[in-house]
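Going by my numbering, the sequence shown opens with residue 1, and the numbers climb by one from there.
All C-beta atoms, glycine included, are put in the ideal place defined by N, C-alpha and C.
Keep in mind it's a predicted model, so treat the numbers as computed, not measured.
Data first, discussion second: the structure below is written as structure tokens.
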Amino acid sequence: MSDALKILLIGQSKVGKSCIILRFCENTFTPITGTTIGVDFKFVEHKVDQKVHRLQVWDTAGQERFRTITSTYYRNMDGVLVVYDITDQNSFEQVTDWVKEIRKHAPIDIRMLLVGNKSDLNGSRKVTQENGKNLADFLNCPFIETSAKTGNNISESFTVLTRAILKIKSEKGE
Ligand code: GDP
Ligand code: MG
Numbered sequence: 001m002s003d004a005l006k007i008l009l010i011g012q013s014k015v016g017k018s019c020i021i022l023r024f025c026e027n028t029f030t031p032i033t034g035t036t037i038g039v040d041f042k043f044v045e046h047k048v049d050q051k052v053h054r055l056q057v058w059d060t061a062g063q064e065r066f067r068t069i070t071s072t073y074y075r076n077m078d079g080v081l082v083v084y085d086i087t088d089q090n091s092f093e094q095v096t097d098w099v100k101e102i103r104k105h106a107p108i109d110i111r112m113l114l115v116g117n118k119s120d121l122n123g124s125r126k127v128t129q130e131n132g133k134n135l136a137d138f139l140n141c142p143f144i145e146t147s148a149k150t151g152n153n154i155s156e157s158f159t160v161l162t163r164a165i166l167k168i169k170s171e172k173g174e
């Protein structure tokens, strides 16, 4: 099997990045009170279009609170899930700042997916789907809403991102 595809989750603290990784890698949802799942990354095998791919999924373990994510985190990444919380307008407004960081430090052809998490909390929604879609169009990347709590669209997010990564790799002849 070829090298693992490296995927980073980024976004404001508390938007649900660690929960998304837990749901995707272990299919559980454990409400987390701390800011870290204790490890930097997890390996997971993910089947996309009849083929199993090995993904290395990186968490930021709380550094996002202090904006101390160094360029080494971004280097060598193939894809990034930029996550906000649909019930938290501020987390949505911070997305463009995170994307600036990504564009500054990550490889030029890194693939991005904008993720609006906590879709199960529709009653407390502050960011509409249209807001999310418009921002994604502006950033020139796809958009999806997820719930780490119910599992809605979690696997699909990684599928969309994996496909985009494979496409650019094949265009580059890798
Ligand atoms: P991180 O700081 O971005 O890694 O966020 P966490 O994964 O630690 O989650 C922050 C809080 O949001 C925790 O209390 C989680 O239980 C909660 N949370 C995460 N994802 C969801 C979700 O999809 N729905 C709901 N209702 N709560 C969530
Ligand atoms: Mg976390």
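Subject >> Other residues of its chain near residue 44: CB distance less than 7 Å, five sequence neighbours each side excluded >> reply: 24, 25, 55 and 57
Original post:
For residue 138, is the classification buried or exposed, using 16 other Cβ atoms within 10 angstroms of its Cβ as the cut-off for buried?
Top reply: exposed
**OP:** Report the three-state DSSP secondary structure of residue 27 (helix, strand or coil).
**Re:** coil
**OP:** Out of 80, 154 and 168, state which residue places its alpha-carbon closest to the alpha-carbon of residue 29.
**Re:** 154
**OP:** For the alpha helix (DSSP H) holding residue 85, just list the boundary residues, first then last.
**Re:** Segment 79 to 85 is the beta strand (DSSP E) holding residue 85; no alpha helix (DSSP H) there.
Original post:
Is any heavy atom in the ligand PLP found nearer than 7 Å to the beta carbon of residue 15?
Top reply: Among the ligands modelled here, namely the ligand GDP and the ligand MG, the ligand PLP does not occur.
Original post:
Within 10 angstroms of its Cβ, does residue 17 collect 16 or more other Cβ (buried), or is it exposed?
Top reply: buried
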